[in-house]
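J.: Here it is, the structure in full.
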Amino acid sequence: MKTANEKLDDLRNKAEQEETFRIQTLEALKHFEALNKKVDELETKSKEEEAFRSTMLNRTNQAFKEEEDFRHELRAVFSKVQANLDALNTKVHALEIKAEGHHQVEERTHL
Numbered sequence: 012m013k014t015a016n017e018k019l020d021d022l023r024n025k026a027e028q029e030e031t032f033r034i035q036t037l038e039a040l041k042h043f044e045a046l047n048k049k050v051d052e053l054e055t056k057s058k059e060e061e062a063f064r065s066t067m068l069n070r071t072n073q074a075f076k077e078e079e080d081f082r083h084e085l086r087a088v089f090s091k092v093q094a095n096l097d098a099l100n101t102k103v104h105a106l107e108i109k110a111e112g113h114h115q116v117e118e119r120t121h122l
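In structure tokens:
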């Protein structure tokens, strides 16, 4: 049979074990909370990076669309310039033919 001192020692040992377990549990809880905080930070960073990527993709697509629109406008302007040059060349050619005709008439009348 255990004496009162032995029972008291057993109770102290159990209390020490429970205190050690409580401390270990608190430490594990602190580590768990720190890990949760890191997970939250990583999730926030991931969301920020996704938002940034999405924004950059949208901006890139918008820039591409604006560039395509500009190219279409530029082609339209070049087409108008080419049409104007063609019309001008036609007029010049017609004037050259007319001038040559007048020149031939003048040569015949001076002979």
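Counting in our numbering, the sequence shown runs from 12 upward without gaps. Backbone N, C-alpha and C fix where the C-beta goes; we use that ideal spot for every residue, glycine too. Model, not experiment: these values are computed from the prediction.
Rounded to whole angstroms, what's the CA-CA distance from Gly112 to Glu118? Just pull it up for me.
T.: Rounded to whole angstroms, Gly112 to Glu118 spans 10 Å at the Cα level.
J.: Any idea what DSSP makes of Met12, helix, strand or coil?
T.: In the structure shown, Met12 sits in coil (DSSP, three-state: anything other than H, G, I, E or B).
J.: Look at the alpha carbon of Thr14 and the alpha carbon of Asp21, and state the distance between them as a whole number of angstroms.
T.: Rounded to whole angstroms, Thr14 to Asp21 spans 11 Å at the Cα level.
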